[in-house]
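Colleague: If you number the sequence shown the way my numbering does, the last residue is 283 and the count never jumps. Below are the structure tokens for one structure; questions will follow.
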Amino acid sequence: MHEGAGPNRDFTLRCAGLSGLCRQTGDTRPYAIALLDGRVTSQHPALCSARIHLRSPDAAASRRASRHALQVASILVGGSAATPELLGLCPGARLLNANVVDDAMLDGEIDAAACSERLADAIGWAARAEADVIVCGIEIVGAERAVWNPLWAAIAEAARHGVRTIIPLGNESGVRQGAAHAHGAIWVLAGDWNGLWSPRANIACAGGPVLAAPGFGIPVALPEGGCAAASGSSFAAAIVAGAFIVLRANSKGTPPDAVWRALLSVRRSTLHFATLDAGAAHRLLTSPQLEECA
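See the structure below:
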């Protein structure tokens, strides 16, 4: 994750194909987004009107994990008169915050097996809480290892109930092997302004769909107040989840799987993965025949 100056809301929306859709009348209030991350500070001015449900309201907040969770939450449900530059893609949607990520996990002080079980438990909670989509706020390092099988099983079980899990591919350069059996996962890499992967983004051989989304210079809220531009695949993952909810709201009656097929059908001819363009996906959904995802 990288923070800088100069966030641009309109530019980010255009890059994701969301400008027109966010101006339409689709109501995102009936939907719920689960965020597996640090604890979101619901008292933050940028979230003053957000509907946030904490899984463990008495759990202590970790500084870095909570900072990241606030930033992701501001992409999804943030925004106020004082922070008009935030994306706030899904105003009024419920944010189900499973505050399972802490600084010890980020520092590698918790082994992968414990992380897998913790995240799997949170996936189950999110599905039972009737989330429409789940965002994992952290990348899964060594995703091909068997130690992550409990997490993949939980993701697959949620998918059987129509709930997909969005996983960021991380911010290190190079090729990352994904999980071979991660049914129900959608892997997201951070694309630049043109939707193309950069040297900072992972290209993965993932066991599921890979989607490039805007992940550079994204406007996010800061705990100390104000906004900044931030970069990282977790922010791209949040934009994918937000785009899914916006499409659901503007395509009433369309099954979730059809919305995902439309999102994953938009590809550039030179790339082997899908590129987020919510406007193009909406046109597919409203056309007589929806193309199947490759």
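The C-beta atom is built at its ideal place from N, Cα and C for all residues, glycine as well. Note that the coordinates shown come from a computational prediction; the quantities given were computed from them, not determined experimentally.
#1: Tell me whether the beta-carbon of I144 lies closer than 8 Å to the beta-carbon of G126.
#2: So, L200 versus V177, is the Cβ gap smaller than 8 Å?
#3: Output the residue ranges of the beta strand (DSSP E) runs that lie fully inside the region 205 to 254 and measure 3 residues or longer, sorted by chain position.
#4: Using a Cβ-Cβ cut-off of 6 Å (strictly less than) and excluding sequence neighbours within five positions of A190, which residues of its own chain qualify?
#5: Report yes if the C-beta distance between A227 and L65 is below 8 Å; otherwise report no.
#6: Assess, as a yes-or-no matter, whether the region 98 to 111 is touched by the region 71 to 82 under the definition of 3 or more beta carbon pairs within less than 8 Å.
#7: Taking the beta carbon of T1 as the centre, do at least 16 other beta carbons fall within 10 Å, making it buried, or is it exposed?
#8: Pop quiz: I207 and I155 are said to be a contact at Cβ under 8 Å. What is the actual Cβ separation, rounded to whole angstroms?
#9: Check whether the region 2 to 12 touches the region 21 to 40, taking contact to mean three or more Cβ pairs, one atom from each stretch, closer than 8 Å.
#10: Return the bridge partner residues of W176 from the DSSP annotation.
#11: Three-state secondary structure (DSSP) at C4?
#12: Per DSSP, what are the beta-bridge partners of I129 in this structure?
#13: Let me know the secondary structure DSSP gives L65 once reduced to three states.
#14: Measure from the alpha carbon of P19 to the alpha carbon of each residue in V209, E161, I234, L274, then state which is nearest.
#15: For the beta strand (DSSP E) holding H271, just list the boundary residues, first then last.
#16: From H271 to G242, what distance separates their C-alpha atoms?
#17: With distances taken between CB atoms, is the gap from L85 to L158 smaller than 8 Å?
#18: Whether or not the region 114 to 123 and the region 67 to 77 are in contact is what I'm after, with contact meaning three or more pairs of Cβ atoms, one per stretch, closer than 8 Å; do they touch?
#19: Below 6 Å CB to CB, which residues in the same chain sit around D(-1) once its five sequence neighbours on both sides are set aside?
#20: I need the boundaries of the alpha helix (DSSP H) containing I112, first residue and last residue.
#21: In the DSSP assignment, what are the bridge partners of N86?
#22: Among the candidates C216, R256, R237, A210, whose CA atom is the shortest distance from the CA of P198?
#23: Nearest-angstrom Cα distance between W249 and V61?
#24: From what residue to what residue does the alpha helix (DSSP H) around N138 run?
#25: Alpha carbon to alpha carbon, what distance is there between S223 and L253?
#26: Check R134 in the structure and name its three-state DSSP category.
#27: What does the alpha-carbon distance come out to for the pair G68 and D121?
#28: Among A269, P245, A267, G131, which residue has its Cα nearest to the Cα of D100?
Modeller: Inspection of the coordinates gives the following:
#1: As a working mapping, residue 144 is identified with position 155 in the sequence shown. As a working mapping, residue 126 is identified with position 137 in the sequence shown. Going by C-beta atoms, I144 is not nearer than 8 Å to G126.
#2: The count along the sequence shown starts at 1 and reaches residue 200 at position 211. The count along the sequence shown starts at 1 and reaches residue 177 at position 188. Yes, the Cβ-Cβ distance between L200 and V177 is below 8 Å.
#3: 207 to 210, 216 to 220
#4: The residue given as residue 190 occupies position 201 in the sequence shown. A caution first: A190 carries a pLDDT of 47, below 50, which makes its placement in the model unreliable, though a value can still be read off. So the qualifying residues of the chain are L178, A179.
#5: Reading the sequence shown from its first residue, position 238 is the one you call residue 227. Reading the sequence shown from its first residue, position 76 is the one you call residue 65. In this structure, L65 lies closer than 8 Å to A227 by Cβ.
#6: no
#7: Translated into the one-based positions of the sequence shown, residue 1 becomes position 12. Classification for T1: buried.
#8: Indexing the sequence shown from 1 puts residue 207 at position 218. Indexing the sequence shown from 1 puts residue 155 at position 166. With 8 Å as the limit, I207 and I155 do not qualify as a contact, their Cβ atoms being about 15 Å apart.
#9: no
#10: Counting from one through the sequence shown, the residue named residue 176 turns up at place 187. Its beta-bridge partners are I156, V199.
#11: Within the sequence shown, numbered from 1, the residue matching residue 4 stands at position 15. Residue state, collapsed to three classes: helix.
#12: Here residue 129 refers to the residue found at position 140 when the sequence shown is read from its first residue. None, per the DSSP bridge assignment.
#13: As a position in the sequence shown, residue 65 is number 76, starting the count at 1. Note: L65 maps to helix in three-state DSSP.
#14: As a first step, residue 19 is located in the sequence shown; it is residue number 30 there, counting from the start. Of V209, E161, I234, L274, the residue nearest in Cα terms is I234.
#15: Here the question's residue 271 lines up with position 282 in the sequence shown. Here H271 belongs to no beta strand (DSSP E); instead the alpha helix (DSSP H) covers 267 to 274.
#16: For the purposes of this step, residue 271 is taken as residue 282 along the sequence shown, with counting starting at 1. For the purposes of this step, residue 242 is taken as residue 253 along the sequence shown, with counting starting at 1. Approximately 13 Å, taken between the alpha carbons.
#17: Taking the sequence shown and counting its residues from 1, the one referred to as residue 85 is at position 96. Taking the sequence shown and counting its residues from 1, the one referred to as residue 158 is at position 169. No. Outside cutoff.
#18: no
#19: Your numbering for residue -1 matches position 10 in the sequence shown. The answer is none, since no qualifying residue turns up.
#20: Here residue 112 is taken as the residue at index 123 of the sequence shown, counted from 1. Unbroken alpha helix (DSSP H) run through I112: 101 to 117.
#21: Your numbering for residue 86 matches position 97 in the sequence shown. In DSSP, N86 forms a bridge with L24, L43.
#22: Locating residue 198 in the sequence shown gives position 209, counting from the first residue. Considering only alpha carbons, the answer is R256.
#23: One-based indexing of the sequence shown puts residue 249 at position 260. One-based indexing of the sequence shown puts residue 61 at position 72. Computed Cα separation, rounded: 21 Å.
#24: Taking the sequence shown and counting its residues from 1, the one referred to as residue 138 is at position 149. N138 -> alpha helix (DSSP H) spans 138 to 149.
#25: Position 264 of the sequence shown holds residue 253. Position 234 of the sequence shown holds residue 223. So the two alpha carbons sit approximately 18 Å from each other.
#26: Reading the sequence shown from its first residue, position 145 is the one you call residue 134. Looking at R134 - three-state DSSP - the assignment turns out to be coil, as it is neither helix nor strand.
#27: For the purposes of this step, residue 68 is taken as the residue at position 79 of the sequence shown. For the purposes of this step, residue 121 is taken as the residue at position 132 of the sequence shown. If I take the Cα positions, the gap works out to 21 Å.
#28: For this step, residue 100 is matched to residue 111 along the sequence shown. Taking only the C-alpha atoms, the option nearest D100 is G131.
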